[in-house]
Amino acid sequence: MTDADVNPKAYPLADATLTKTILDLVQQASNYKQLRKGANEATKTLNRGISEFIVMAADAEPLEIILHLPLLCEDKNVPYVFVRSKQALGRACGVSRPVIATSVTIKEGSQLKPQIQYDDLIPPLEVALGKFSRHDSSEVAQPVRSVVPIQNHNGFLGLMPAYIAYESILCTKMVAFYKREEGSVLPSIQASVLLFDPEHGNITAVMDGLEITNKRTAAVSAISAKLLMPPQSNVLGILGSGQQALSHYEAFTHLFSFKEVRVWSRRREMAERFSAAVQDPITVCSSVREAVDGADVIVTVTSSSEPVLFGEWVKPGAHVAAVGACRPDWRELDNDLMREAVIYVDSREGAAMESGDIILSGTHIPPS
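Here you go:
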């Protein structure tokens, strides 16, 4: 199909390079059972709120049979794109027939999701964090993660090994993180966890790292709130609307009782989508200041490179779980807040090397 043959209504149309990337993602989604094939199935995923992005074939005949999908995607704030060939899309979907539309879905069916419960996760994490804080590598060995910059593609690869001797657990997590352009159909994070036999060194399991990352991070934040948030905390403010925002919402509302939960995102429609996904009463805020005004607990999960939370907006005694600024040049909290706050970190070495809020504010973390 030449450019002249493409229906102008098939927009946006991926170029050859992006098409290859998208079809590879579709094939991967098919392998992980995260794919729905056909216009009807794609429509169902959009209506159920489980579609990550939609791929359509520009040579569908007639094209009008799938043109309701871009309109629905716009309404649901779901990215979409056209590729040139329905036959190529079919091959990527793992079938020999042409496919005119497909939906890559969220991991609602992940085998790990129902197995990782916060009531089971938090107690062993509290023990492990306590042992790790004593710097006794005979019990817990967890070096600062190694980071490989992927400069040509605005990303990095993180490698995080750990050995928990008292549980005889040897594992490592590998996570690839990319800063995508707004509206990109590509995932920003992909991760895997490898479990080893500590005696022989062979791999015994390869697991979905995203589900583990989301719940483990939220659980650690919840532990910090359990120990440090004010008594009678009634208002929770969440800055961000991605997967980490969702996991933190689940963990905090499961463990604590808040009278009000607020959410803010740079794009209001994303905050509204977040609110619709949790199906519980949430106040969608138009500004950060509105979201944190009077809040007892604030969670920042934004991946921002500039401060979004300012000290003058935070009430005295509030607890802030700052999660998103995990690179040396990223910021979520301004200098005033960093100077006035009492800072707690899970790893002094990690914070000194990776936390943009610590590094760029010049905050000193005293030894224990």
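Mapping the sequence shown onto our numbering, position 107 (from 1) lands on 108, and the numbers just tick up by one.
The C-beta atom is built at its ideal place from N, Cα and C for all residues, glycine as well.
Minimum C-alpha distance to residue i - residue among the options
i	options	result
residue 81	143, 132, 41, 11	11
residue 140	130, 149, 17	130
residue 190	356, 345, 25, 304	304
residue 308	296, 284, 333	333
residue 232	313, 36, 319	319
residue 76	44, 134, 102, 281	44
residue 94	58, 64, 79, 114	58
residue 194	173, 354, 13, 181	173
residue 230	25, 258, 292, 26	258
residue 164	181, 144, 151	144
residue 115	327, 213, 35, 47	213
residue 317	301, 328, 297	297
residue 322	329, 306, 343, 299	299
residue 210	196, 314, 359, 267	196
Secondary structure of residue i, DSSP reduced to three states
i	result
residue 308	coil
residue 324	coil
residue 147	strand
residue 35	coil
residue 81	strand
residue 179	strand
residue 261	strand
residue 284	strand
residue 344	coil
Outcome for residue i when other beta-carbon atoms lying within 10 angstroms are tallied against a minimum of 16
i	result
residue 324	buried
residue 122	buried
residue 245	buried
residue 204	exposed
residue 41	exposed
residue 22	exposed
residue 110	Because residue 110 carries a pLDDT of 46, less than 50, the predicted location of this residue cannot be relied on, and the following value inherits that uncertainty. Result: exposed.
residue 87	buried
residue 340	exposed
residue 363	exposed
residue 96	exposed
Residue i CB to nearest heavy atom of the ligand NAP below 7 Å
i	result
residue 12	What this structure holds is no ligand at all, so the ligand NAP is not there to describe.
For residue i, the first and last residue of its enclosing beta strand (DSSP E)
i	result
residue 116	From DSSP, residue 116 is part of no beta strand (DSSP E); its letter is neither H nor E.
residue 74	Unbroken run through residue 74 is the alpha helix (DSSP H), 69 to 77; no beta strand (DSSP E).
residue 164	156 to 165
For residue i, the first and last residue of its enclosing alpha helix (DSSP H)
i	result
residue 354	349 to 355
Closer than 8 Å is the cut-off here; do at least three beta carbon pairs connect the region 161 to 173 with the region 193 to 200?
Contact between the region 161 to 173 and the region 193 to 200 is present, because at least three Cβ pairs lie under 8 Å.
Contact the region 24 to 31 vs the region 69 to 83: 3+ CB pairs below 8 Å:
With a cut-off of 8 Å, the region 69 to 83 and the region 24 to 31 do not count as touching, because too few Cβ pairs lie within range.
Report yes or no: do the region 286 to 299 and the region 154 to 161 share at least 3 C-beta pairs separated by less than 8 Å?
Between the region 286 to 299 and the region 154 to 161, the count of Cβ pairs shorter than 8 Å is below three; the stretches do not touch.
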